[in-house]
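Enquirer: Numbering (the working numbering), first residue to last: -16 to 552. I am attaching a structure below and will ask some questions about it afterwards.
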Ligand code: NOJ
């Protein structure tokens, strides 16, 4: 396939739904599939054409569904298989495609395969998971390696029944599958076929970067003070996984007109992204990486009153590296966040100036090259939750870290909460704010998780009623991306950054049959830029009513974001 070949998923506008928090249709406090159905018109009106639905499979919910105990059943909390069929049908009728999260790296420990696997060393399912002997050091039994888990502690868990360790790079209730075993690969292919035959339009391949493992186990030599080394290279982006994906593509993906987007953590590079999603060699349509998600000081902050500072120069470098690194070689998604990140408004925006900063962030990103993915609530500028105690959190990774850092290592509880509040995944998982009623229009009963205290101001109803809102700005962006006059440029055109050294302004050109320039001021003060060589034909979109067209001396006010149709002089 050539890079320029037209595909529906290159022109799509994606929207991620964290099901549990999106909309509750049966008033049990938990979001569900029928809740999504209620909101299809809302999503369509926003300009969305593709839904990514987070896991809805049967699960004990240790990690809110990323711990699957049965891939062929919908968890009763989320609905039934018929609800899923109806959702797919209705979404398709409205012109919306549906992709689903496919949890590849691990199952729940309550999955039948693992229940069998842990029974004995010669159980037929033993080799479905990764088992290894521990080591005896100074008379003590320790883990097979010193590798850390993403969710705190070791990535190995001891199982006394067979006196071996199983690998789990997430929680101990999420044992890692052994993809070196052909039976596992075939079983996962069968799972994929089941959902594709039901009519879905593709997958978001969860944690796909980790399915290839080292044959020989050895300690990481990473220099760090931690007992278990956060050396993600030990189980990320290893060459063998590309063979598994190739086989998957040959046997399954290539038989359907679908898209696949892989989640690629563990520090993948653009050249690795090309191995995953390259137009020639790739097995997936595109991959998410997280390089641009942390270009600020949030990991250093220790007090909720400290200011979040954006490092725009670094952010621009990261954008440049990925946009130019993949262009013409692989397709890519563009996104600010997902259900694993803090809220965009609290991260790169300014909750005191939500419309201006939120619309600026929309323009900064979604005129770039790639398939947009919005995360629920981003379009209304939802903010982080003011967590106060450990009981306010739901995320298993926070709870694990709390055990290690506060309970075992006696770190101050306040310090721990203050710090983790800036980065916690739970920020993204609060209830979607639909309106200003008691439970934010999400449900008629108390929801399973927190509602942000600002929900009476920050909600969909208000955004729809206001003349100026982030939501309305997002709609305009997506309308332009779909407009046949601009689509060839905005979807397929080249990307070129200008004003690279400017620490306050992000500016870039998209070019095909037309030239489109986007210039945004990332900060809450006025600034001037001087742009030569282009003449403004017209303003395509601005978050101010009276933006200047004098590029040679362009004044940009607080968070001003303007997209121009230009011509070369
Ligand atoms: C990545 C998912 O986005 C995250 O939410 C989950 O905890 C891990 N993969 C494990 O499946």
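The beta carbon of each residue, even a glycine, is placed where N, CA and C say it ideally should be. This one's a predicted model, so the numbers in the text were calculated from it and none came from an experiment.
Please report the distance separating the alpha-carbon of residue 42 from that of residue 511.
Expert: 54 Å
Enquirer: Measure how close the beta-carbons of residue 37 and residue 1 come, nearest whole angstrom, since I'm counting them as under 8 Å.
Expert: 5 Å
Enquirer: Which same chain residues end up closer than 8 Å to residue 250 when comparing Cβ atoms and leaving out the 5 residues on each side of it in sequence?
Expert: A distance below 8 Å between beta-carbons, with the five flanking residues on each side excluded, links residue 250 to the following residues of its chain, in chain order: 215, 216, 219, 220.
Enquirer: Below 6 Å, is the gap between the Cβ of residue 24 and the nearest heavy atom of ligand 1?
Expert: no
Enquirer: Under a three-way DSSP split, which group does residue 86 fall into?
Expert: strand
Enquirer: Given that a residue counts as buried once 16 or more other Cβ atoms are within 10 Å of its Cβ, and exposed if not, what is residue 356?
Expert: Residue 356 should be labelled buried.
Enquirer: Please determine whether the Cβ atom of residue 49 lies at a distance below 6 Å from any heavy atom of ligand 1.
Expert: yes
Enquirer: Could you tell me the distance, in whole angstroms, from the CA atom of residue 166 to the CA atom of residue 288?
Expert: 53 Å
Enquirer: Taking the alpha carbon of residue 527 as the point to measure from, which residue in 232, 361, 343 has its own alpha carbon closest?
Expert: 343
Enquirer: Are there any heavy atoms of ligand 1 lying less than 6 Å away from the beta-carbon of residue 46, as far as the coordinates show?
Expert: yes
Enquirer: For residue 230, which of 278, 274, 164 has the nearest alpha-carbon?
Expert: 164
Enquirer: Please classify residue 272: is it buried, with 16 or more other beta-carbons within 10 angstroms of its beta-carbon, or exposed?
Expert: Burial is judged here by how many other beta carbons sit within 10 angstroms of a residue's own beta carbon; residue 272 has at least 16 and is buried.
Enquirer: Hey, would you say residue 113 sits closer than 7 Å to residue 150, going by beta carbons?
Expert: Their beta carbons are under 7 Å apart, which means residue 113 touches residue 150 by this criterion.
Enquirer: Please report the Cβ distance between residue 382 and residue 419, rounded to the nearest whole angstrom; I am assuming they are in contact, meaning their Cβ atoms lie under 8 Å.
Expert: So it is not a contact: roughly 31 Å between Cβ atoms.
Enquirer: By the DSSP assignment, the beta strand (DSSP E) with residue 525 in it spans what residues?
Expert: 517 to 525
Enquirer: Under a Cβ-count criterion, where at least 16 other Cβ atoms within 10 Å of its own Cβ denotes burial, should residue 556 be classed as buried or exposed?
Expert: Given a span of -16 to 552 for the chain in the structure shown, any question on residue 556 remains unanswerable.
Enquirer: Which stretch, first to last residue, makes up the alpha helix (DSSP H) that contains residue 185?
Expert: Note, residue 185: premise wrong, no alpha helix (DSSP H); beta strand (DSSP E) at 185 to 189.
Enquirer: What is the DSSP secondary structure of residue 359, counted as helix, strand or coil?
Expert: coil
Enquirer: I'd like to confirm something about residue 92: is its beta-carbon nearer than 6 Å to some heavy atom of ligand 1, or not?
Expert: No - ligand 1 has no heavy atom lying nearer than 6 Å to the Cβ of residue 92.
Enquirer: One question on the structure: do residue 187 and residue 82 come within less than 7 Å of each other, judged by their Cβ atoms?
Expert: yes
Enquirer: Please state the DSSP three-state secondary structure of residue 196.
Expert: coil
Enquirer: Name the two residues that bound the continuous alpha helix (DSSP H) containing residue 171.
Expert: 165 to 180
Enquirer: Step through the CB atoms of chain B and report whether any lies within less than 7 Å of the CB of residue 78.
Expert: The structure shown contains no chain B; it is built from a single protein chain.
Enquirer: Give the straight-line distance between the Cα atoms of residue 297 and residue 379, rounded to the nearest whole angstrom.
Expert: 31 Å
Enquirer: Taking 6 Å as the limit between beta carbons, can you name the residues of its chain near residue 486, skipping five residues before and five after?
Expert: 295, 296
Enquirer: Suppose contacts are defined by Cβ-Cβ distances below 7 Å. Is residue 101 in contact with residue 70 by that definition?
Expert: Contact flag unset, no.
Enquirer: Nearest by alpha-carbon distance to residue 467: which of 44, 479, 497, 290 is it?
Expert: 497
Enquirer: Given 6 Å as the limit, tell me if residue 214 has its C-beta closer than that to any heavy atom belonging to ligand 1.
Expert: no
Enquirer: Measuring CB to CB, does residue 161 end up less than 7 Å from residue 111?
Expert: yes
Enquirer: Is there contact between the stretch 193 to 205 and the stretch 254 to 269, where contact requires at least three CB pairs shorter than 8 Å?
Expert: Cβ pair count under 8 Å is below three, so no.
Enquirer: Taking 7 Å as the threshold (C-beta atoms), are residue 476 and residue 462 in contact?
Expert: Result no, Cβ atoms of residue 462 and residue 476 do not sit closer than 7 Å.
Enquirer: DSSP beta-bridge partners for residue 148?
Expert: 115, 141
Enquirer: Among 500, 131, 291, 32, which residue has its Cα nearest to the Cα of residue 208?
Expert: 131
Enquirer: Any heavy atom of ligand 1 closer than 6 Å to the CB of residue 323?
Expert: yes
Enquirer: Exposed or buried, which one is residue 293 when buried takes at least 16 other CB atoms within 10 Å?
Expert: buried
Enquirer: Flag this pair as yes or no: are the beta carbons of residue 554 and residue 532 separated by less than 7 Å?
Expert: The first residue shown for the chain is -16 and the last is 552, placing residue 554 beyond what the model contains.
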